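In full-length UniProt numbering, the protein residues as written are 1 to 206.
Backbone N, C-alpha and C fix where the C-beta goes; we use that ideal spot for every residue, glycine too.
Here the structure is a predicted model, which means the values were calculated and not measured.
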């Protein structure tokens, strides 16, 4: 497979060890199909904003600074037009990665981050994806043919053994479009340009 840079950041067990995954699950399932009145809603591009809300519900602290800085991650407004009160990393997929797993500086806030070619993730789903992630962890996607930055963000809200192949599966919630209980394995299979796409996995805490 051409042009893949399989970025891997080692697990740091001290990262976010206070993270409450059950609260992320409750939040994601409550607001996947609705708006949370305590936060802004970006009508056509709300995926990363929703995931930031979900992991914040799990107890992660906001980081204040310039709204445009990769080191910042905060939301201080319910108005989606008040952009300087909502950091880019909170609401935009590419800047979310810059905050949680910056591939350029190698400074990262997630406990673990990896980019995996979609076809590899499908074939060896249990080992490459399922065994590494839990409820409350985050998924993104990059189509390297179009753009080197993530274009969509999801959060895992269920992890289960099922009757269908691959028998172990993760289920994600998202906005834009608003959905939950989405089979991650099926979602990966349905990506059109699989040969050019990687899945980015973020383990928020150990």
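Where does the unbroken beta strand (DSSP E) through residue i begin, and where does it stop?
| i | result |
| --- | --- |
| residue 154 | 152 to 161 |
| residue 63 | Careful: residue 63 lies outside any beta strand (DSSP E) and carries neither H nor E. |
| residue 203 | 197 to 203 |
| residue 115 | 112 to 117 |
| residue 126 | Run containing residue 126: none in the beta strand (DSSP E); it sits in the alpha helix (DSSP H), 125 to 128. |
| residue 141 | 138 to 143 |
| residue 171 | 168 to 174 |
In terms of alpha-carbon separation, which member of the options lies closest to residue i?
| i | options | result |
| --- | --- | --- |
| residue 33 | 68, 96, 51 and 103 | 51 |
| residue 42 | 162, 25, 69 and 77 | 77 |
| residue 74 | 129, 178, 39 and 21 | 39 |
| residue 120 | 20, 26, 203 and 196 | 196 |
| residue 100 | 126, 69 and 187 | 69 |
| residue 167 | 148, 126 and 141 | 126 |
| residue 191 | 165, 164, 54 and 141 | 141 |
| residue 109 | 143, 53, 62 and 180 | 62 |
| residue 161 | 53, 134, 143 and 19 | 134 |
| residue 95 | 53, 149 and 143 | 149 |
In terms of residues, what are the limits of the alpha helix (DSSP H) holding residue i?
| i | result |
| --- | --- |
| residue 189 | 184 to 190 |
| residue 28 | 21 to 31 |
| residue 149 | From DSSP, residue 149 is part of no alpha helix (DSSP H); its letter is neither H nor E. |
Excluding the 5 residues flanking residue i on each side, which residues of the same chain have their C-beta closer than 7 Å to its C-beta?
| i | result |
| --- | --- |
| residue 176 | 44, 45, 46 and 47 |
| residue 92 | 48 |
| residue 64 | 72 and 74 |
| residue 19 | 58, 59, 60, 136, 204 and 205 |
Given a cut-off of 8 Å, decide if residue j and residue i are closer than it, judged by their beta-carbon atoms.
| i | j | result |
| --- | --- | --- |
| residue 60 | residue 16 | yes |
| residue 137 | residue 156 | yes |
| residue 21 | residue 122 | no |
| residue 204 | residue 139 | no |
| residue 132 | residue 193 | no |
| residue 111 | residue 30 | no |
Alpha carbon to alpha carbon, how far is residue i from residue j?
| i | j | result |
| --- | --- | --- |
| residue 81 | residue 124 | 42 Å |
| residue 198 | residue 56 | 25 Å |
| residue 72 | residue 90 | 8 Å |
| residue 130 | residue 117 | 15 Å |
| residue 184 | residue 169 | 7 Å |
| residue 280 | residue 35 | A question about residue 280 goes unanswered here, because the residues of the chain that appear run from 1 up to 206. |
| residue 105 | residue 151 | 20 Å |
| residue 107 | residue 97 | 11 Å |
| residue 159 | residue 26 | 14 Å |
| residue 143 | residue 187 | 15 Å |
| residue 163 | residue 128 | 20 Å |
| residue 147 | residue 37 | 33 Å |
Excluding five sequence neighbours on each side, which residues of the same chain lie with their C-beta closer than 8 Å to the C-beta of residue i?
| i | result |
| --- | --- |
| residue 84 | 67 |
| residue 182 | 154, 171, 172, 173 and 174 |
| residue 79 | 40 and 85 |
| residue 180 | 28, 29, 32, 33, 157, 171, 172, 173 and 174 |
Among residues of its own chain, excluding the 5 on either side of residue i, which ones have a beta-carbon nearer than 6 Å to its beta-carbon?
| i | result |
| --- | --- |
| residue 87 | 67, 72, 73 and 74 |
| residue 28 | 54, 155, 157 and 173 |
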